[in-house]
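All remarks here apply to the structure that follows.
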Amino acid sequence: MASESISVTTSDDQTIQLSRKHAQMSQTINSMLEDSVGADQEAIPLPNVSSEVLKKVIDWCTHHENDPAPVEKVKKLNKKREYKAKNSTISDEWDKNFVNAELRVIVDILLAANYLDVKGLFELMCKHIANELKGKTPDQIRERFGIQDDLTEEDKAAMRKAWGATKNDS
Amino acid sequence: MSGLLDLPDDLLRNIIIHLNPRYLVHVLQTCRRMYYVTDNQAFWKRLYAHWLLKEEKSLLERLNQLSLLLEEDRICESEVTWRDRFRLRWWLPPWTMLKHEDIILDDEDRTCRLPKEYTPLSRSVRLNDDIQAEGLYHFEFEVERGPYHVVLGIRHPTPADQQVQLGEHVDDHITSMFATDGRHYGIDGGTPIPRINWDTSSIGISVRISKTNWYNPRESTISLKISRLDDHPFIFQSVEYPFVMDHLHLFAGLFGGGNRVSLIRAWRPLAAIRASPHSFFTAHQAPWWKKAISSLYRTVAP
Numbered sequence: 001m002a003s004e005s006i007s008v009t010t011s012d013d014q015t016i017q018l019s020r021k022h023a024q025m026s027q028t029i030n031s032m033l034e035d036s037v038g039a040d041q042e043a044i045p046l047p048n049v050s051s052e053v054l055k056k057v058i059d060w061c062t063h064h065e066n067d068p069a070p071v072e073k074v075k076k077l078n079k080k081r082e083y084k085a086k087n088s089t090i091s092d093e094w095d096k097n098f099v100n101a102e103l104r105v106i107v108d109i110l111l112a113a114n115y116l117d118v119k120g121l122f123e124l125m126c127k128h129i130a131n132e133l134k135g136k137t138p139d140q141i142r143e144r145f146g147i148q149d150d151l152t153e154e155d156k157a158a159m160r161k162a163w164g165a166t167k168n169d170s
Numbered sequence: 001m002s003g004l005l006d007l008p009d010d011l012l013r014n015i016i017i018h019l020n021p022r023y024l025v026h027v028l029q030t031c032r033r034m035y036y037v038t039d040n041q042a043f044w045k046r047l048y049a050h051w052l053l054k055e056e057k058s059l060l061e062r063l064n065q066l067s068l069l070l071e072e073d074r075i076c077e078s079e080v081t082w083r084d085r086f087r088l089r090w091w092l093p094p095w096t097m098l099k100h101e102d103i104i105l106d107d108e109d110r111t112c113r114l115p116k117e118y119t120p121l122s123r124s125v126r127l128n129d130d131i132q133a134e135g136l137y138h139f140e141f142e143v144e145r146g147p148y149h150v151v152l153g154i155r156h157p158t159p160a161d162q163q164v165q166l167g168e169h170v171d172d173h174i175t176s177m178f179a180t181d182g183r184h185y186g187i188d189g190g191t192p193i194p195r196i197n198w199d200t201s202s203i204g205i206s207v208r209i210s211k212t213n214w215y216n217p218r219e220s221t222i223s224l225k226i227s228r229l230d231d232h233p234f235i236f237q238s239v240e241y242p243f244v245m246d247h248l249h250l251f252a253g254l255f256g257g258g259n260r261v262s263l264i265r266a267w268r269p270l271a272a273i274r275a276s277p278h279s280f281f282t283a284h285q286a287p288w289w290k291k292a293i294s295s296l297y298r299t300v301a302p
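Below, the structure is given as structure tokens:
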């Protein structure tokens, strides 16, 4: 019988235990587990994820461990004829608190969610960053995200031609 | 330390796909990386489909639009990119939003003025200064590649039934003419069929001025507004035009795709619908409509 917990090694050489249920929420770890059936129970290496970020991922998985799978969710909503395309608002209060972190941490969690293939967490992080971009002028976005304006006048002219002048230009 | 620009291209695209088109344009203007990360046909196609599903309210409309999407993908016109399709459909605000918030409709002369941000390539010309006497006047404008929509506004102080006879088009360059008084003036004996010329580099019109149709040149005004049709599908004056334009591409799909010929062919049934909008809602019983629908599904079937 498979053990109830899995060991993983993070990029900073920390070994962390996580439950099999949480591990299976990551398609990447799940695939590794399936590939190593019958092999010695060694810690699974996660060279792209730090222990700090992995703990955040585990927190999210713990909160969402009883959520229905995405496919089931769509079927259920379709039945009620309430299906809508992906909504960009974050409705869960716990999630709102979860994403209330520094940009550096948010970006690291997004990268980890992408590497570990945790779909719900990945979508949450994308939505959060998109919400941070919403309603801001290019200058405000540069300031918020520390981006240098490296656009040339030719680039700006090409954009105006493609998209038209915006309120920000006038 | 990780920043937003440290993310790989595909992750950045996954983020900005959630943005409303209006905000998306601001994000593209922040830096070169953000602009060029979207230089990808697959991205715009995905974005187009995303907003299609998100915005369309009725299931039938979603199905219709998705069918067209498949059809457009099959045709794969090289000159029309997915970015342009997206821009045409989602970057430009919907008609209802413009009607209530942005559009400035002058009650007196019913001239439609759009805010600067939506009219980068349109211009208005007052023609009176060049008209001094009776005769046939020709006006021609050099423009970038079309298609264009031309609004010819004729306003008389009194009485309202005074009309200006519109002459023939010049060198096959004219696209269409609509008077801002709400009446539609065609170029083929008054037939309300606009000519859509996708390749024109100039637009010309002729206006015949005579005593019988020109009440008082000093007090009347003639103005011409030229707008790119692909940038301003909503510029038509009458309330039924947005309806017609919304369905033009749908009908074009029925007639074999989104190319120039099918658009022109699609206009004829739409003109009939425009003449009697109510009949559209019962038109599904008509044989031609059934035939068109079955034709569409044959076309998009794998």
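If you read the sequences in order, they're chains A and B.
Reminder that position 109 of the first sequence reads as 109 in UniProt numbering, one-by-one numbering, no gaps.
Reminder that position 237 of the second sequence reads as 237 in UniProt numbering, one-by-one numbering, no gaps.
Backbone N, C-alpha and C define an ideal beta-carbon position, used for all residues, glycine too.
None of these values were measured; they are calculated from a predicted model.
Kindly identify the DSSP beta-bridge partner or partners of residue i.
{"i": "residue 45 of chain A", "result": "A/9"}
{"i": "residue 17 of chain A", "result": "A/7"}
Is residue i helix, strand or coil by DSSP?
{"i": "residue 31 of chain B", "result": "coil"}
{"i": "residue 97 of chain A", "result": "helix"}
{"i": "residue 64 of chain A", "result": "coil"}
{"i": "residue 107 of chain A", "result": "helix"}
{"i": "residue 18 of chain B", "result": "coil"}
{"i": "residue 202 of chain B", "result": "Any reading at residue 202 of chain B needs caution, since the residue's pLDDT is 41, under 50, leaving its predicted position unreliable; the model's value is listed next. Three-state DSSP puts residue 202 of chain B in a strand."}
{"i": "residue 59 of chain A", "result": "helix"}
{"i": "residue 39 of chain B", "result": "coil"}
{"i": "residue 102 of chain A", "result": "coil"}
{"i": "residue 12 of chain B", "result": "helix"}
{"i": "residue 6 of chain B", "result": "helix"}
{"i": "residue 51 of chain A", "result": "helix"}
What residue range does the alpha helix (DSSP H) around residue i cover?
{"i": "residue 31 of chain A", "result": "27-35"}
On the premise that residue j lies in contact with residue i, defined as a C-beta separation below 8 Å, what is that separation, rounded to the nearest angstrom?
{"i": "residue 95 of chain A", "j": "residue 53 of chain A", "result": "Not a contact, Cβ separation roughly 17 Å."}
{"i": "residue 129 of chain A", "j": "residue 106 of chain A", "result": "7 Å"}
{"i": "residue 17 of chain A", "j": "residue 7 of chain A", "result": "6 Å"}
{"i": "residue 134 of chain A", "j": "residue 23 of chain B", "result": "5 Å"}
{"i": "residue 57 of chain A", "j": "residue 113 of chain A", "result": "7 Å"}
{"i": "residue 49 of chain A", "j": "residue 5 of chain A", "result": "The Cβ separation is near 17 Å, so there is no contact."}
{"i": "residue 32 of chain B", "j": "residue 150 of chain A", "result": "5 Å"}
{"i": "residue 26 of chain B", "j": "residue 138 of chain A", "result": "5 Å"}
{"i": "residue 13 of chain B", "j": "residue 44 of chain B", "result": "Going by Cβ atoms, the distance from residue 13 of chain B to residue 44 of chain B rounds to 10 Å, so no, they are not a contact pair."}
{"i": "residue 17 of chain B", "j": "residue 50 of chain B", "result": "6 Å"}
{"i": "residue 35 of chain B", "j": "residue 59 of chain A", "result": "Between residue 59 of chain A and residue 35 of chain B the Cβ distance is about 36 Å, and since that is not below 8 Å, they are no contact."}
{"i": "residue 15 of chain A", "j": "residue 116 of chain A", "result": "Contact doesn't hold; Cβ gap of about 17 Å is too wide."}
{"i": "residue 21 of chain A", "j": "residue 93 of chain A", "result": "Not a contact, Cβ separation roughly 23 Å."}
{"i": "residue 121 of chain A", "j": "residue 99 of chain A", "result": "That belief does not hold up - the Cβ atoms of residue 121 of chain A and residue 99 of chain A are roughly 10 Å apart, past 8 Å."}
{"i": "residue 11 of chain B", "j": "residue 110 of chain A", "result": "7 Å"}
{"i": "residue 147 of chain A", "j": "residue 38 of chain B", "result": "Actually they do not touch by this definition, with Cβ atoms about 15 Å apart."}
I want to check one thing, is the minimum distance from the CB of residue i to the heavy atoms of the ligand MG below 7 Å?
{"i": "residue 50 of chain B", "result": "This structure does not include the ligand MG; it has no bound ligands of any sort."}
Using a Cβ cut-off of 8 Å, pull out every chain C residue sitting near residue i, in sequence order please.
{"i": "residue 48 of chain B", "result": "In the structure shown, chain C does not exist; the protein chains are A and B."}
### Every unbroken alpha helix (DSSP H) within the UniProt domain "SKP1 component dimerisation" (119-161) of chain A, with a cutoff of 4 residues, ordered by chain
119-133, 138-145
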